[in-house]
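> This is the structure I want to talk about, given as structure tokens.
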Amino acid sequence: PKEMILITQSVKEMKLLMSDYVGIVRNNERLRRAMKRLDLLYEETEALYEKTAVSPQLCELRNMITVAYLIVKCAEFRHESRGLHFNTDYPAKSKMAQNIVL
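This is the structure in structure tokens:
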């Protein structure tokens with residue numbers, strides 16, 4: 025693709041963003057920051073999608089952003105810590121969800 029460097033850089037940024045802000049240990053502020061950065065990456069990627077030829081790499085980046093968005097939304101919704109999902113703002117397990125297995 026003509027703008028492969030932009031795609032490659034965005035993929036690197038996505039990996040770092042998800043690792044740093046939405047990793048095993050997270051908090052609400054990190055999740056908010058992750059969502060803001062995802063919004064920016066989404067806008068940049070959609071602009072690139074509209075003005076360049078479609079490539080597998082660009083489609084993969086769009087898919088990565090969608091999946092990352094869903095992960096952050098789910099993490100924001102979880103107001104408890106359980107297993108490998110630890111939110112420092114909600115360190116305890118929720119009694120309401122104790123019998124729910126996903």
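Heads up: the sequence shown runs through residues 25 to 126, numbered per the numbering used here. Quick reminder that beta carbons are idealized off the backbone N, C-alpha and C, glycines included.
#1: With DSSP collapsed to three states, give me the class of N51.
#2: Rounded to the nearest angstrom, what separates R61 and N52 at their Cα positions?
#3: Would you report the Cα separation of T69 and K36, rounded to the nearest angstrom?
#4: Taking the alpha-carbon of L30 as reference, which of A92, E100, Y73 and R102 has the nearest alpha-carbon?
#5: Return the first residue and the last residue of the alpha helix (DSSP H) that E128 is part of.
#6: Could you name the residues of the same chain whose beta carbon sits closer than 8 Å to that of M42, not counting the 5 residues immediately before and after it, in chain order?
#7: Alpha carbon to alpha carbon, how far is N87 from V78? Give it in angstroms, no decimals.
#8: Are the beta-carbon atoms belonging to L64 and S34 less than 7 Å from one another?
#9: Smallest Cα separation from E67: which of V49, I89 and Q81?
To lay it out plainly:
#1: What you label residue 51 is simply residue 27 of the sequence shown in a count that begins at 1. Of the three classes helix, strand and coil, the one that applies to N51 here is coil, per DSSP.
#2: Taking the first residue of the sequence shown as position 1, residue 61 is located at position 37. Taking the first residue of the sequence shown as position 1, residue 52 is located at position 28. About 14 Å.
#3: Along the sequence shown, read from residue 1 onward, the residue named residue 69 stands at position 45. Along the sequence shown, read from residue 1 onward, the residue named residue 36 stands at position 12. Answer to the nearest angstrom: the Cα atoms are 13 Å apart.
#4: In the sequence shown, residue 30 corresponds to position 6, counting from 1. Its Cα nearest to that of L30, the residue Y73 stands out among A92, E100, Y73 and R102.
#5: There is no way to answer for residue 128, as the model of the chain reaches only from 25 to 126.
#6: Working through the sequence shown from its first residue, we reach residue 42 at position 18. Closer than 8 Å at the Cβ level, and outside the excluded window around M42, lie A58, A92 and I95.
#7: If you number the sequence shown from 1, residue 78 lands on position 54. If you number the sequence shown from 1, residue 87 lands on position 63. If you draw a straight line from the Cα of V78 to the Cα of N87, it comes to about 13 Å.
#8: Within the sequence shown, residue 64 is the residue found at index 40, counting from 1. Within the sequence shown, residue 34 is the residue found at index 10, counting from 1. Contact: no.
#9: Reading the sequence shown from its first residue, position 43 is the one you call residue 67. Looking at the Cα atoms, I89 is the closest of the given residues.
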